[in-house]
Each structure stands twice: as C-alpha cells, then as structure tokens.
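Participant: In UniProt numbering, the protein residues as written are 1 to 180. In this text, a Cβ means the ideal position worked out from N, Cα and C, and glycines have one as well. Note that the structure is a prediction, hence the values are computed from the model and not measured. Submitted below is the structure of interest, expressed as structure tokens.
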Amino acid sequence: MFEKFAQSAREAVVQAQQAARATGARRLGTEHLLLALADGDSEAAEALRAAGATPIRLRDAVQREDDVLDAEALRSIGVDLAAVREAAEAAFGPGALDAPASRPRRSGKHVSLTHEAKKSIENALRLCLRTGGRRIEAEHLLLAVLMDGRYASVLLLIDEGVDVPVLAADVTRRLEARAA
C-alpha cells in the first residue's frame, strides 16, 4: 500500500517512526503520526498550525503523557515518583532525575504500529478513494487520525484546546479545493 502514498504522506510515516523511536515508544501510535504531520511541510501541517497545534506543543504534550504513564506504572508497584524525585533533589540538587535532552529507549529501524495507527492508514486509503484521489496525501492521513475520538491523537489535540471537528472541516476543505 505504501506505493499509493504521495511524498508528503510517506515522509509523515517515516517521521512518525523517528518520533516513536525518539520518545522511546514501543509502538508507533496515532500520536506519532500526528507529531510527524504537524512537523511536515504540507497543508495538513498548515491546518494543524492554524488550529493551534504546533510541533513543539504536541511534542511537549506527548512527553507529558509519557511521564504520567511512567509515574502510574511506578505507583502500581508501590513507588511514589514524586517522593523519590523530592529525595533525589534534596540529596543531589534540583533536576537530579531530569532526563537528558534526548533519551531514546530503543534502537532499531522499525517500530511496529498500534492497531489504531494501522486503522488510520487503512482509513487514509479509504478517504483517498472516496474523494477520487490517486495518492494518499498527508491530509488524508490527518483526517484518518482524527476519525475516532478514542485515538491518542484526538485526545492529545483536545487536551491542547484544538476544536477537532473544526480542524477536520478545514482539512476537508483544503482537499476539496485541491481536487477542484
């Protein structure tokens, strides 16, 4: 199916792999696709920026979510991360447990996709065919990661104050204008 991807969509998938690796994710999720789309040079990226979803804000939000999940995992085994951080900073100074600027937790070339990310790629193809497109564009991929309110990408945008239906309508208008 990758042969049906326009350059902008191909680049987004490749950048999503890099984003997943950079955040130490075990799997590539819709949030990584969203990060890559926001960081691109496409109308999808323009629509995201117009909606207030900049690459920096989205990356920060993904990192905050990862930190919350890490703290919850530790709490589930009886470790209070806040107390550990407090003790470490008291002993070694402020920021003693801060991660280095880049902390990839896994190496390798390929990160497998979550079910939601796979479904988004399939839906991007369906959207492309439905709109008469010949290639899956970044905009099709963006619409696909916005399709389900339970996707991490949608929850992330909502947390960042983005009106997802308005964003989807903007992306649809951009696709329709290109097709005309």
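(1) If I measure Cβ to Cβ from P104 and keep anything under 7 Å in the same chain, skipping five residues before and after, which residues do I get?
(2) Taking buried to mean at least 16 other C-beta atoms within 10 Å of its own C-beta, is E176 buried or exposed?
(3) Over the uninterrupted alpha helix (DSSP H) stretch that includes K118, give me the two end residues.
(4) Between the Cα of residue 186 and those of A138, L156, E160, A50, spot the shortest distance and give me the residue it belongs to.
(5) Quick check: the stretch 31-41 against the stretch 162-176, are there 3 or more CB pairs under 8 Å?
(6) Identify whether L156 lies in helix, strand or coil by the three-state DSSP scheme.
(7) Using DSSP with H/G/I as helix, E/B as strand and the rest coil, what is L146?
(8) Pairs of beta-carbons, one from the stretch 122-135 and one from the stretch 143-158, closer than 8 Å: are there three or more?
Facilitator: On the basis of the supplied data:
(1) Since pLDDT at P104 reaches only 47, below the 50 mark, its modelled position is unreliable, and the value read off the structure follows with that caveat. The answer, listed in chain order, is R21, A22, G24.
(2) Exposed is the call here.
(3) Per DSSP, K118 belongs to the alpha helix (DSSP H) from 115-130.
(4) For residue 186 there is no data in the structure shown, the boundaries of the chain being 1 and 180.
(5) The answer is no - the stretch 162-176 does not touch the stretch 31-41, with fewer than three Cβ pairs under 8 Å.
(6) For L156, the secondary structure class from DSSP, reduced to helix, strand or coil, is helix.
(7) L146: coil per DSSP, three-state reduction.
(8) Between the stretch 122-135 and the stretch 143-158 there are three or more C-beta pairs closer than 8 Å, enough to call the two in contact.
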